[in-house]
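Below is one structure; the comments refer to it alone.
In the numbering used here, the protein residues as written are 12 to 99.
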């Protein structure tokens, strides 16, 4: 894990970007000794975003299952959903 001040990052931006890209580890930017931002590889960010979206989908599915258990309702048949959306 790398750290550098924001001031250093201004003068060494290319080096900081290369470090994040090549090592696939964030480069934390510090201001007054505290982390205020991070540089990460663009592909790594895309992977993190996809993982966060997948996790949110799992949470929503679990919440829907819990709601169905609590209300006693079953899932809506796919054919009914398509008909309501005008897809049939």
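Positions of the beta carbon are idealized from the N, C-alpha and C atoms, including for glycine.
For residue 92 and residue 68, I'd like the C-alpha separation in whole angstroms. Residue mapping note: residue 92 aligns to position 81 of the chain shown, counting from 1. Residue mapping note: residue 68 aligns to position 57 of the chain shown, counting from 1. Rounded to whole angstroms, residue 92 to residue 68 spans 19 Å at the Cα level.
Please tell me whether residue 30 and residue 59 are closer than 9 Å, where the distance is taken between their beta carbons. Here the question's residue 30 lines up with position 19 in the chain shown. Here the question's residue 59 lines up with position 48 in the chain shown. No; because the gap between Cβ atoms is not below 9 Å, this pair is not in contact.
Let me know if residue 40 comes out buried or exposed under the rule of 16 or more other beta-carbons within 10 Å of its beta-carbon. Numbered from its first residue, the chain shown carries residue 40 at position 29. Residue 40 comes out buried.
Which parts of the region 26–77 are runs of the beta strand (DSSP E), unbroken and 3 residues or longer, counting only runs that do not cross its ends? 38–42 and 45–50
What are the boundary residues of the alpha helix (DSSP H) that residue 91 is part of? By 1-based counting over the chain shown, the position of residue 91 is 80. Here the alpha helix (DSSP H) through residue 91 covers 89–95.
Counterpart residues of residue 15 in DSSP-defined beta bridges: By one-based count along the chain shown, residue 15 stands at place 4. According to DSSP, residue 15 bridges with 40.
When the distance is taken between beta carbons, is residue 27 closer than 9 Å to residue 38? Numbered from 1 along the chain shown, position 27 holds the residue referred to as residue 38. Numbered from 1 along the chain shown, position 16 holds the residue referred to as residue 27. Yes, they are a contact pair.
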